[in-house]
Amino acid sequence: MPKVDSVKPADPHDLDQFHPSAGATPTPAPTVPGAGPGLGRRLRVWLGEAPSAQSPPFSKYRWARLLTYVLVGYLALGIALAGGEELANSYGFTMAVAFLSTFLQAAAIVLALWRPVPAWALSLSAATFTALLARQNLAQLRLPGPNWPWTTPTLLAHMAVLLLLALRVRPRGTVAAVGGSALVTFVVEGPIGAQRYSPTGMAAFGLFTVAAVIGSALRGRSEARKELVEQTTITAEERARRALLEERSRIARELHDVVAHHMSVISIQAQVAPHLVENPSDELKENLAGIRNNALEALTELRRVLGVLRSAGPGDPEALDDAYRLSAPGTGPAPDAPQPNLARLDALIENTRAAGLEVVLKRDGEPRGYPPGVELSAYRIVQEALSNVLRHAPGASVSVEVLHYPDGICLDITNSRPSRPAPPSPGSGHGLLGMRERAAMLGGHVVAMGDRRGGFRVTAFLPREGTPKPTDTERPFPPHSSPEPPTGEQDP
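Using my numbering, the final residue of the sequence shown is 495, and nothing's skipped along the way.
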């Protein structure tokens with residue numbers, strides 16, 4: 004069995020840098036020269052991990068956005084150059100007119116990344132302009148004539164625009180765009196018509212429909228995944244909130260006995276006080292009677308609140324079902340059992356040793372008359388830390404130090420590396436959360452961290468009066484060497 008070194012509690016200012024829950028203020032990132040609101044910064048924001056609503060599709064990752072830009076730009080450039088040459092050769096256009104038509108289609112493809120509806124209007128207008136301009140040249144061509152009214156470059160460009168539109172627009176908007184394209188195709192090819200050409204109206208309508216269906220399916224899949232992520236996040240937040248409320252309810256049930264004891268003492272003292280004074284005045288009797296009645300009413304209301312917080316059984320069902328939760332004699336689930344305090348730590352340590360752990364208890368300083376709530380919280384923190392060792396570090400040795408200072412009590416529970424793998428834990432998983440809630444309620448704090456040797460350490464400080472101090476410049480932690488980076492938490 005490895006020997007446990009005598010470890011003193013570390014300086015909380017040193018430990019805070021390793022644990023976000025300890026209240027450490029994050030260090031601001033260094034300022035990068037020239038990172039002001041210039042073109043470079045806007046480009047980084049544009050390509051950042053949080054894209055705007057106008058970012059291109061599939062824009063969750065930078066590489067995907069860059070790939071989208073490259074592919075769309077390459078497609079637009081190919082249509083502009085190769086399509087212009089085809090229009091000039093097939094329809095007898097001049098090079099200027101041919102390249103003007105295809106460059107309009109290429110511009111529509113690029114514009115569809117950010118403004119798909121205006122891009123669709125531009126693409127359809129450019130395709131209609133090209134078809135009407137080529138109509139007068141079709142009569143002089145030999146059969147089989149060229150494709151009309153949708154030429155190959157305009158067809159490819161309009162398919163790309165409809166695909167990008169379907170990725171961004173709702174399904175009925177996509178249906179309207181496909182219907183508008185089909186209507187314009189029917190009007191140009193039917194009532195207007197031309198001579199000596201190969202009709203492409205039906206093929207274009209089919210290809211437009213396929214592009215729109217693919218885009219709508221991808222958009223629906225993306226929305227479904229987004230909703231799933233949102234629901235998962237909401238579920239995790241609700242689970243964390245419920246765990247916090249459960250721990251606070253359990254702490255409130257335990258503190259009920261402490262508060263009820265003080266209220267009962269006030270009631271009894273107010274009842275006995277008139278008999279300790281010779282010939283008490285009527286005003287004194289009336290005031291003492293009022294104090295007693297208020298104390299009794301407060302006890303009644305406290306019991307009602309406890310009835311709301313208490314579970315179906317008289318005790319905590321999780322504590323009853325948890326085989327690893329330690330308890331000292333007289334601290335069972337019975338409602339009339341006294342609340343534990345620091346005097347019961349010896350019995351708790353004996354129970355832990357009986358469970359198979361090697362535990363060393365050390366005390367430093369003299370107890371200074373802590374309030375019952377402080378002693379109860381200190382006991383529960385030690386109890387939960389030892390329970391965590393039983394769950395997660397079987398075969399480890401434990402050192403428990405209780406240090407008394409003028410302004411509070413310091414607890415340090417350190418365990419060595421476990422000697423064998425830990426079995427699946429039946430615990431609730433809220434141990435550290437409960438420790439922190441108890442300490443925060445009293446104005447103290449808890450730091451939990453691992454070490455490179457595979458052990459784990461819990462350090463807690465509770466103010467003597469159970470209230471936050473106005474300043475924490477002189478916390479009663481003795482100096483200690485720099486702590487080692489944490490390897491994880493037990494029972495988070």
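Yeah, the Cβ is synthetic: ideal placement off N, Cα and C, and Gly gets one too.
By the C-beta density criterion, Arg253 is buried, having at least 16 other C-beta atoms within 10 angstroms. Rounded to whole angstroms, Leu351 and Val385 show a C-alpha spacing of 9 Å. At the C-beta level, Leu141 and Ala197 come within 8 Å of one another. Counting only the Cα atoms, Leu414 lies some 13 Å from Arg439.
Partner residues in the beta bridge of Glu404, as assigned by DSSP, are Lys365 and Asp415. In the DSSP secondary-structure assignment, Phe464 is bridged to Cys413 and His448. Note that the C-beta distance between Arg420 and Gly372 is not below 8 Å. Linking His448 to Glu369 through their CA atoms gives a straight-line distance of about 21 Å. When DSSP states are grouped into helix, strand and coil, Ser284 belongs to the coil group.
Partner residues in a beta bridge of Trp117, as assigned by DSSP, do not exist. For the pair Ile294 and Arg244, the Cα-to-Cα distance works out to about 38 Å.
For Asn391, the enclosing alpha helix (DSSP H) starts and ends at Pro375 to His395. For Asp349, the uninterrupted alpha helix (DSSP H) segment begins and ends at Leu348 to Ala357. Around the beta-carbon of Gln108, 16 or more other beta-carbon atoms lie within 10 Å, marking it buried. Here the alpha carbons of Gln342 and Leu465 stand approximately 18 Å from one another. In the three-state reduction of the DSSP assignment, Gly372 falls in the coil class. Counted as a single uninterrupted DSSP element, the stretch harbouring Arg455 is not any alpha helix (DSSP H), since DSSP gives it neither H nor E.
Between Leu168 and Ala115, the CB-CB gap stays under 8 Å. Just so you know, the alpha carbons of Ala137 and Tyr200 end up roughly 10 Å apart.
Spatial neighbours of Thr97 in its own chain (CB-CB distance under 8 Å, excluding positions within 5 residues in sequence) are listed in chain order as Ala91. Straight-line measurement puts the Cα of Asp454 at about 17 Å from the Cα of Leu435.
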